[in-house]
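Colleague: One structure follows; several queries about it will come next.
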Amino acid sequence: MTSSTPYDVRDAEVIVVGSGLAGMTAALQLAPRAVTLITKTAGLPGGSSLYAQGGIAAAVGPGDRPEDHAADTVAAGAGLVDAAMAALLTRDGAAQVRRLLEGGLPFDRAPDGSPLLGREAAHGAARIVHAGGDATGRTLVTALADRLCATPSVRVETDAFAVDLVLRNGRVCGLLACHGQGWVLHRAPRVILATGGIGAAFARTTNPAEATGDGLAIAARAGAQLADLEFVQFHPTALAVDADPVPLLTEALRGAGALLLDSEGHRFMPGEHPLAELAPRDVVARAIGRRVAAGEPVFLDLRPALAAKPGGFPTVLALCAEHGLDPFAEPMPVAPAAHYHMGGVVTDADGRTSLEGLWACGEVACTGVHGANRLASNSLLEALVFGARVARDVADRTLAPLPPFALPRPPAVAADVGHALLDAIGAEARTALYDGAGLVRSGLGLLAARRKLDRLAAALDMLRCEDGDAHGTVQAPPDIVRHWGEARNRLLVGRLVVHAALAREESRGAHCRSDHPLPNPASLSRTLTLSDLAGTAGPLPGDAACCIL
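To convert, take the position in the sequence shown, counting from 1, and add 87; that gives our numbering.
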């Protein structure tokens, strides 16, 4: 840090933001180009990829074809999947997974060396490749993290909270971040967002605490195009315990024979859908949600799956034991929880966004492959496929030298802002979003959520000191800045989700409106930007203060 600037300035060729599967894949594929990977977690890996239990969907089994996988993807997406992008995903995905299998990654295999394949909801074939039983995400990203740490071209910056993009005339020039030692401007012509989803914006979620929608909020404040934000997938079978996040009971359990039971011990899914427990996630989630909302507990009997696959679900067994539950003795209580965001920053097939110099991949991106309802186990596949495609495009594309730009001023947060106040604002925001834009929505509920979130955003903005140190104000330490920044991001993505959900007056896939229960054939994917949100709620305090120079 110099006397002429309020922070360090570091030059980089490429910045990757995020330490999940998409971000690490992109960084590894970019070698030997110099890459700085920024993550707010204390180490590698981070994000939701670590907690993925089910596996990776890929047409690598006998008789299975990428075309069949693409057809299942399109069918699950309730009319909004881009068929060409689904074909690309499943074709590239099969090739990627074969390379990983040949590369020695520790996938579960049969005695003859072929991969063991599971089946999950809405798949027409057994095509789920898994590792460590139900620890696929942890096994895969841990192996990639080891490779990343051994790659000399990648510099990993941990405990670094990405705050805002720096732009000049619509061109990305870098990223402003708050590190443990203070503010850093990462000056770079290429930035890749791979920050994951928005689950932690909801009161009940399977996502880790870091899933606060940072990348989506950063892109929104910079003016990037966004799409399909109303489509939030709720996992049907999260363990119904008092925990944050709530433990997930993988869909692979139902694929292996686990049964959903009502309070009297009777199966109810055969009366809900021809595929019963293997119906699409939105169908299963709403069937469970209706019963839970009526005060009726719902249970998942794991015993058929545990008998069919002895030793196949060590993660699930450990999670149950952690909460004092014995799935061999009785069915486990379950309820839906926010799990995956189908919407995000609009990208093309190579991950390019609407802003020059900005790419996105993984859950933060909206490529069109998920539509209104993601097909099970397509998330890790998307991270692999588009992480690699982004890396190729970033490496191949020539950009003009960075133009001169003024150094941005970091947002100043007053030093007397404490964790308790930020926690209170965050808890209210998460509850408002879960209640108003949860599993089943209505116009009145969404409007109530919008009013609440608008008020909370205004209250949070009051904690900023616009003049910063110029008037003698002592700024908050980095941990408070991050806490404030995460609250700001959760509130912004919550308001964007509510805005998009109000605009979609139909029920489709994961978006269910009780006041508009039928699908509208004329409804298509809709794009929006931050200015659309400003038009509904007046000026956006704080959010409009993006570093656009």
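A virtual CB, placed ideally from N, CA and C, is assigned to each residue, including glycine.
Report buried or exposed for D503, applying the criterion of at least 16 other Cβ atoms within 10 angstroms of its Cβ.
Modeller: When all chains shown are included, D503 counts as exposed.
Colleague: Can you have a look at S135 and say buried or exposed, based on whether 16 or more other CB atoms are within 10 angstroms of its CB?
Modeller: It is buried - the Cβ of S135 has at least 16 other Cβ atoms within 10 Å.
Colleague: By the DSSP assignment, the beta strand (DSSP E) with G261 in it spans what residues?
Modeller: Note, G261: beta strand (DSSP E), 258-266.
Colleague: Only counting the same chain, and skipping five residues up and downstream in sequence, which positions put a Cβ closer than 6 Å to that of D556?
Modeller: A caution first: D556 carries a pLDDT of 46, below 50, which makes its placement in the model too unreliable to give a value.
Colleague: Let's see if you can read the secondary structure: which residues bound the beta strand (DSSP E) around R242?
Modeller: Per DSSP, R242 belongs to the beta strand (DSSP E) from 241-244.
Colleague: Which residue marks the beginning of the alpha helix (DSSP H) containing H598, and which one marks its end?
Modeller: Taken as a continuous stretch (DSSP letters only), H598 belongs to no alpha helix (DSSP H), as it is neither H nor E.
Colleague: Tell me the rounded alpha-carbon separation between H558 and H426.
Modeller: Low confidence applies to H558: its pLDDT is 37, below 50, so where it sits in the model is not reliable, and the reading given next is rough at best. For H558 and H426, the distance between alpha carbons rounds to 44 Å.
Colleague: Taking the alpha-carbon of V216 as reference, which of L362, L187, D566, L578 has the nearest alpha-carbon?
Modeller: When each option's Cα is compared against that of V216, the closest is L187.
Colleague: Counting only the same chain and skipping the five closest in sequence on each side, list residues whose C-beta sits under 7 Å from that of M172.
Modeller: Closer than 7 Å at Cβ, skipping near neighbours: A436, T454, G455, V456.
Colleague: Closest by CA to D151, which one among A516, A212, G458?
Modeller: That would be A212, whose Cα lies nearest to the Cα of D151.
Colleague: In or out: A99 buried (at least 16 other Cβ within 10 Å) or exposed?
Modeller: So A99 counts as buried.
Colleague: Would you call the CB atoms of A459 and V432 closer than 7 Å?
Modeller: Not a contact, by the Cβ cut-off of 7 Å.
Colleague: Going by DSSP, what residue range makes up the alpha helix (DSSP H) through H457?
Modeller: H457 -> no alpha helix (DSSP H), and no H or E assigned at all.
Colleague: Taking Cβ positions, are N695 and T299 nearer each other than 7 Å?
Modeller: There is no way to answer for residue 695, as the model of the chain reaches only from 88 to 636.
Colleague: Buried or exposed: which applies to L531, given that a residue is buried once 16 or more other Cβ atoms fall within 10 Å of its Cβ?
Modeller: Exposed is the call here.
Colleague: By DSSP's criteria, Y427 is part of a beta bridge. Which residues make up the other side?
Modeller: Bridge partners of Y427: Q320.
Colleague: Check for me: the beta strand (DSSP E) holding H217 runs from which residue to which?
Modeller: From DSSP, H217 is part of no beta strand (DSSP E); its letter is neither H nor E.
Colleague: Would you list the residues sitting across from I375 in a DSSP beta bridge?
Modeller: Its beta-bridge partners do not exist; DSSP assigns none.
Colleague: For G200, which of Q268, G191, H353 has the nearest alpha-carbon?
Modeller: It is G191 whose Cα lies nearest to the Cα of G200.
Colleague: Could you say which of E383, W270, P564 lies nearest to D95 if we only look at CA atoms?
Modeller: Checking every option, the nearest Cα to that of D95 belongs to W270.
Colleague: Exposed or buried, A366, counting other C-beta atoms within 10 Å across all chains shown (16 or more means buried)?
Modeller: That one is buried.
Colleague: Rounded to whole angstroms, what is the Cα-Cα separation between P202 and F194?
Modeller: Roughly 7 Å separates the two Cα atoms.
Colleague: Which whole runs of the alpha helix (DSSP H) in the region 522-550 are 4 residues long or more, in chain order?
Modeller: The region 522-550 contains these whole alpha helix (DSSP H) runs: 530-548.
Colleague: Quick check: the Cα distance between S618 and G310, rounded to an integer number of angstroms?
Modeller: Going from the Cα of S618 to the Cα of G310 covers about 8 Å.
Colleague: If you follow the alpha helix (DSSP H) that I567 is part of, which residue opens it and which one closes it?
Modeller: It spans 565-590 - the alpha helix (DSSP H) in which I567 sits, taken as one unbroken run.
Colleague: With contact counted as at least three CB pairs below 8 Å, one residue from each stretch, are the region 413-426 and the region 136-149 in contact?
Modeller: Segments in contact, no.
Colleague: How is the alpha helix (DSSP H) around V122 delimited, first residue to last?
Modeller: Note, V122: premise wrong, no alpha helix (DSSP H); beta strand (DSSP E) at 122-125.
Colleague: Do A574 and G513 have their CB atoms nearer than 7 Å?
Modeller: Against a cut-off of 7 Å, the Cβ pair of G513 and A574 comes out as a contact.
Colleague: Comparing C-alpha positions only, which one of R373, T485, F415 sits nearest to S601?
Modeller: Ranking the options by Cα distance to S601, first place goes to R373.
Colleague: Which value, in whole angstroms, describes the spacing of the CA atoms of G399 and G220?
Modeller: Roughly 5 Å separates the two Cα atoms.
Colleague: Counting C-beta neighbours from all protein chains within 10 Å, is the total for L578 16 or more, i.e. buried, or is it exposed?
Modeller: L578 should be labelled buried.
Colleague: Would DSSP call T518 helix, strand or coil?
Modeller: Residue state, collapsed to three classes: helix.
Colleague: State the DSSP-derived secondary structure class of T337, mapped to helix, strand or coil.
Modeller: Coil at T337, not helix or strand.
Colleague: I need the DSSP call for T238, collapsed to helix, strand or coil.
Modeller: In the structure shown, T238 sits in coil (DSSP, three-state: anything other than H, G, I, E or B).
Colleague: Among the residues of its own chain, which have a CB less than 6 Å from the CB of T518, if the five just before and after it don't count?
Modeller: Same-chain partners within the cutoff: A290.
Colleague: Buried or exposed for T337, please, with buried defined as at least 16 other CB atoms from any protein chain shown within 10 angstroms of its CB.
Modeller: Its Cβ being crowded by 16 or more others within 10 Å, T337 is buried.
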